Amino acid sequence: MTISCNYHERQTLIPQFTARLLAGAPLVRLVLLDAAGHGDVHLKQNQCDIVLGPVRIVGDSFFRRHILTDHYVCVMDPAHPLARGRIALSAYAKAEHVFITHSGEWQPLYLEALRAKQIEIEPVVSLPNHDSLERIIAGTRLVATIPHHLARAMRGGLHVGALPFRVPVSIDMYWSARTAKSGLHKWARGLLAEEARAYAA
């Protein structure tokens, strides 16, 4: 079974899903692909069975199920001045930002929301993904804007602050007609939906 997803889903949903999948179907082999903006291509070219993420895939032979709604927060070192209280939009805009570029393949949804407010922010540091974010931010004045559930999954060394604006992140699950009627795949999709509900609780 092959799932195309991003760091967010690998940190939040996939660990418990993997344990349950292998407990219930020990002969299954699980392969994870890094979606990085290409989940739709993975599904359309039959490179994966399931796509998870904030993507939109259209077509008559594709199916969608919404499984989780997240929202953005900002993370920073606990000693950062912005960690002391409510963050004003002007202070957020002037902060030293870290951008997660997904290797240049996808742009975070919050940037569009800022542009709608006529605010442009420039990164001080750009990273291809989230994997080293916590260690890079620690001890600096850097601020990163990431999904709330991903911030929850971190080890707890960073301060998590509410943004002065709200942008939802819709995590959907997609699959194609190729696996739509497979008992194994139906069961796996049900497990993913259950894990998403449990994680959001």
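Everything in the sequence shown is counted per our numbering, starting at 433 for the first residue and increasing by one. Glycine included, every Cβ here is placed at the ideal spot set by N, Cα and C. These figures come from a predicted structure and were not determined experimentally.
Can you tell which of the options has its C-alpha closest to the C-alpha of residue i?
| i | options | result |
| --- | --- | --- |
| K476 | S493, V599, A520 | S493 |
| L453 | M433, I532, H470, I489 | M433 |
| L595 | I568, A576, A451, F449 | A576 |
| A632 | G615, K613, I603 | I603 |
| L462 | I482, V599, V490, I568 | I482 |
| V556 | E544, R547, D563, I569 | I569 |
Using the three-state DSSP reduction, which class does residue i fall into: helix, strand or coil?
| i | result |
| --- | --- |
| I569 | helix |
| P513 | helix |
| L500 | strand |
| H581 | helix |
| D492 | coil |
| D472 | helix |
| A651 | Since the displayed the chain opens at 433 and closes at 633, residue 651 lies outside it and no answer follows. |
| L590 | coil |
| L595 | coil |
From which residue to which residue does the alpha helix (DSSP H) around residue i run?
| i | result |
| --- | --- |
| T450 | 446-456 |
| L459 | Segment: none, L459 is in no alpha helix (DSSP H) and carries neither H nor E. |
| K613 | Note, K613: premise wrong, no alpha helix (DSSP H); not H, not E. |
Who pairs with residue i in a beta bridge, going by DSSP?
| i | result |
| --- | --- |
| P600 | H503 |
| M605 | L484, R497 |
| M508 | V575, H591 |
If you follow the beta strand (DSSP E) that residue i is in, where does it begin and where does it stop?
| i | result |
| --- | --- |
| V483 | 482-485 |
Next on the checklist: To test your reading of the DSSP string, which unbroken alpha helix (DSSP H) runs of 4 or more residues are found completely within the segment 515-572?
Outcome noted: Runs found: 521-526, 541-548, 565-569.
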